[in-house]
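Going down the list, the sequences are from chains A and B. Going by my numbering, the first residue of the first sequence is number 38, and it counts up by one from there. Going by my numbering, the first residue of the second sequence is number 16, and it counts up by one from there. Input: a single structure, listed below in structure tokens.
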Amino acid sequence: MSLFRSEEHVRRWTARHDYDVGAMLDLTRVWRLANAWYGDPRASDWRPRTRDESQAVLASVGLTGEFWELPR
Amino acid sequence: MADIDPVALRVFVYNELLDRGMPPRITEIAVHFRVAPNEARRALAELRIGKTILVHPQSGEVWMAGPFSATETPYRVTLGHRQWWANCAWDMFGIATIARAMVRVDTHCTDCGDPMNLVCDPDVPPNDRGVVHFLVPARRWYENIGFT
Chain A
38 MSLFRSEEHV RRWTARHDYD VGAMLDLTRV WRLANAWYGD PRASDWRPRT
88 RDESQAVLAS VGLTGEFWEL PR
Chain B
16 MADIDPVALR VFVYNELLDR GMPPRITEIA VHFRVAPNEA RRALAELRIG
66 KTILVHPQSG EVWMAGPFSA TETPYRVTLG HRQWWANCAW DMFGIATIAR
116 AMVRVDTHCT DCGDPMNLVC DPDVPPNDRG VVHFLVPARR WYENIGFT
């Protein structure tokens with residue numbers, strides 16, 4: 038997941054490398070995602086999320102659809 | 016000798032990361048838990064917390080403890096005198112979340128190379144401009160975590 042100055046920069050870079058465009062998120066959405074995704078691994082009761090729990094986190098910030106579907 | 020409790024090991028790895036900016040080495044883990052280095056290496060290898068803590072395939076040292084990288088990346092994160100490397104643009108926000116503090120990120124545009132300096136605060140939405148690109152769909156994120 039890489040940072041770019043703008044969507045134009047993403048499209049230029051993906052074209053140059055012959056990659057699919059993929060998905061682009063603004064910084065606020067990624068900020069919300071990180072806050073929802075990361076608990077504190079120093080907490081004794083921390084545990085890895087299940088696949089379905091991770092999928093729910095993505096959905097909680099509006100990331101739904103085929104691109105955001107985690108492997109089963 | 017007693018086995019290392021995996022919860023205690025995980026907590027130690029992250030406490031060292033947050034306090035010193037680097038994960039503990041196998042020898043440091045061995046000293047801390049008073050075990051032989053081989054036992055520390057085995058305990059790390061068996062930690063395998065989902066995709067959170069990964070060890071280097073050759074050295075066996077901590078390679079990644081999400082959202083932190085043990086090696087240099089384009090995302091340098093600073094909090095006071097401490098510095099870390101985030102695995103990616105998503106993880107630079109993750110470091111702020113786990114550190115529970117506002118951090119500074121020094122990086123650059125992946126396309127043009129222009130410097131990008133951001134502030135990541137877990138309590139305040141970002142005010143900086145930029146776009147995070149997800150090249151790989153979620154179903155393939157863990158096929159090659161380094162590329163992703």
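Quick reminder that beta carbons are idealized off the backbone N, C-alpha and C, glycines included.
Comparing C-alpha distances from N132(B) to each of D121(B), D126(B), N142(B) and P141(B) shows the shortest one belongs to D121(B).
The bridge partners DSSP lists for Q98(B) are T93(B). Per DSSP, the unbroken beta strand (DSSP E) holding W78(B) starts and ends at V77 to A80. In the structure shown, the three-state DSSP call for H148(B) is strand. Chain order gives no chain A residues near V46(B), where near means a beta carbon separation below 8 Å; the closest approach is about 20 Å.
For G59(A), the chain B residues whose Cβ falls inside 8 Å of its Cβ are H148, F149, L150, V151 and P152, in order along the chain. The three-state reading of DSSP puts H46(A) in helix, counting H, G and I together. At a C-beta separation below 7 Å, E44(A) has these neighbours in chain B: V146. The alpha carbon of P89(B) has as its nearest neighbour, out of G81(B), W99(B) and G95(B), the alpha carbon of W99(B).
P130(B) sits in a strand when the DSSP states are folded into three classes.
In this structure, A111(B) keeps its C-beta atom at 8 Å or more from the C-beta atom of L32(B).
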